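Okay, structure first, notes after.
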Amino acid sequence: MTPRAPAGAPECGQGPAGRKGRDTRAPGDPGCAGPDSLQGVSTRDTDWEGVRLHVVTGKGGTGKTTVASALALALASGGKRVLLMEVEGRQGIAQVFDSPPLPYEERKIAVGPADNAEPSGDVYALVADPESALLEYLEMFYNLRHAGRALTRFGVMDFATTIAPGLRDVLLTGKATEAVRRKKGGKLVYDAVVMDAPPTGRIGRFLNVTSEVSGLARVGPIRNHADTVQKVIHSPETAVHFVTTLEEMPVQEALDGIAELRDMPGGGIQVGGIMINMVRPLELPRSQLRDVAAGSVDEHELAIGLKAAGLGDSVRLAADLAAELTDEAVAAIGQEEERRRLAEAAQPRYDLPMITDGIDLAGLYRLAAALRDQGAA
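Sequential numbering from 743 applies to the sequence shown in our numbering.
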């Protein structure tokens, strides 16, 4: 599906840039952003030019982790380095890539697709957990890593998150934004960071760092750290992509999540693309769907055709096939209705095919190719 420009898309890099019909000025262009912009340079035209933190969310069961992994592969072309980060501790990335459980350590997990004559890029993976992030934080700001390890043995993480539940989210989002900003030798370490984020129902609170730390600290390193995180999350360099299937509940959760991000204080958070996962091809022409759904299949003619093909018990088989065609047509009409609902969000939409033989690395590359072909990466 060709992505459509968001209605009323903000100017000067506040929305997707570089596509026909959209504002082509990116945040790094003159008059758009100051010298502190983290934006890199790309030679490929995509819907999300300038976005470096891709947050992927979706209702459980929609394939959120699979889509996040495919997006990371799609972004890791032309020699680019991409970090794929998991924050829920489920080892979902390891399962998708069929690798052993991943530690709190950035390690190479896959090679991106080749882009013309340019070399393939690399995908690194990180399973972030609040306790390890806290140790890193204590070392970074207080030089207390060894003391922090001792504190964790006494359950300080559980204690801290009991009195300040938002601390976990602050630490995890902070790790993602640190990876986005990290430089080595004057150059950004990663061209993009893809976060496999919590489900749609929790994404607003997870990303609303300012609200979460308001009861923790008003000044000092924690507050400064949170303000830095919030600056990145609310910048044009962050986009939140929603994964859904063409079913009523996942679509409703995606639409509710989009509305929540748009209504957040401070101008909201940039909504990314709607990634429609597990799309099945239509088996019937659209012009025939409603007739078939209404039960117009001629079982007698179908039975004659089946009998001519040499199939026994053609009458019963014809009845079964007619019922199956009717069910498929009803489901297809329902999916078309869900598409119309998603279109009302006025965000770019991307179709990802149903892969019936299971997701392996080849399947991930296929999904990555679909995302690139549609301009998502």
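Beta carbons: idealized from backbone N, C-alpha and C, even for Gly. As the structure is a computational prediction, the values presented were derived from the model and not from experiment.
- DSSP places M1096 outside any alpha helix (DSSP H), giving it a letter other than H or E.
- Q1089 and F984 have their C-alpha atoms some 10 Å from each other.
- In the DSSP assignment, Y866 falls within the beta strand (DSSP E) that extends over D864 to V869.
- Excluding its 5 nearest sequence neighbours in each direction, V936 has C-beta neighbours in its own chain below 6 Å: H796, A810, L813, A814 and L826, listed in chain order.
- Its Cα nearest to that of P861, the residue G821 stands out among P872, R832 and G821.
- Following the DSSP letters along the chain, one finds R823 inside the beta strand (DSSP E) bounded by residues R823 to E828.
- Put simply, of V1034, P1095, G1076 and A1085 the residue whose alpha carbon is nearest the alpha carbon of A1065 is V1034.
- Approximately 6 Å separates the beta-carbon atoms of T808 and I1101; this is inside 8 Å, confirming the contact.
- Taking the Cα of E873 as reference, the smallest distance to any Cα among A859, T980, D911 and G863 is reached at D911.
- Judged by DSSP in its simplified three-state form, M1020 adopts strand.
- Between the segment 1058 to 1077 and the segment 994 to 1001 there are fewer than three inter-stretch CB-CB distances shorter than 8 Å, so the stretches are not counted as touching.
- Closest by C-alpha distance to E848, out of Y932, S977 and V982, is Y932.
- In its chain, beyond the 5 residues on either side, R823, V824, L825, L826, E848, R849, K850, I851 and Y932 have a beta carbon closer than 8 Å to the beta carbon of Y866.
- Following the DSSP letters along the chain, one finds K850 in no alpha helix (DSSP H) but inside the beta strand (DSSP E) bounded by residues R849 to V853.
- Non-local C-beta neighbours of I1000 in its own chain, meaning closer than 6 Å and more than five positions away in sequence, comprise V1013 and A1087, ordered along the chain.
- Your pair K801 and D938 does not check out as a contact, with CB atoms roughly 14 Å apart and the cut at 8 Å.
- Taking 8 Å as the upper bound for CB-CB distance, L1044 and L1026 are not in contact here, some 14 Å apart.
- Counting only unbroken stretches of 3 or more residues, the beta strand (DSSP E) elements lying wholly within the segment 919 to 949 are 934 to 938, in sequence order.
- CA-CA distance, G908 to R832, rounds to 20 Å.
- In this structure, the CA atom of D1005 is about 15 Å from the CA atom of R944.
- Setting aside the 5 residues that flank it on each side, G1009 is surrounded in the same chain by H976, each with a C-beta closer than 7 Å to its C-beta; the list follows chain order.
- For G834, the enclosing alpha helix (DSSP H) has its first and last residue at G834 to V838.
- Shown here, V793 sits in coil according to DSSP, grouped into three states, outside any helix or strand.
- In the DSSP assignment, V985 falls within the beta strand (DSSP E) that extends over T980 to T986.
- Beta bridge pairing from DSSP links G800 with V985.
- Residue state for G1015 is assigned as strand, using DSSP reduced to three classes.
- Under DSSP, the beta-bridge partners assigned to E860 are D857.
- Between the C-alpha atoms of G803 and P1095 there is a straight-line separation of about 15 Å.
- Exposed is the label assigned to H1042, since fewer than 16 other Cβ atoms lie within 10 Å of its Cβ.
- With 16 or more other Cβ atoms from the protein chains shown falling within 10 Å of its own Cβ, D789 counts as buried.
- Taken atom to atom, the span from the alpha-carbon of D1055 to that of G1047 is near 12 Å.
- DSSP places P845 outside both helix and strand once states are collapsed to three, so it counts as coil.
- The alpha-carbon of K925 is positioned some 27 Å away from that of P843.
- In this structure, the alpha-carbon of T980 lies about 54 Å from that of L1059.
- Taking 8 Å as the upper bound for CB-CB distance, R1108 and I1097 are in contact here, some 7 Å apart.
- Contact between P940 and V829 is confirmed by a C-beta separation of about 7 Å, below the 8 Å threshold.
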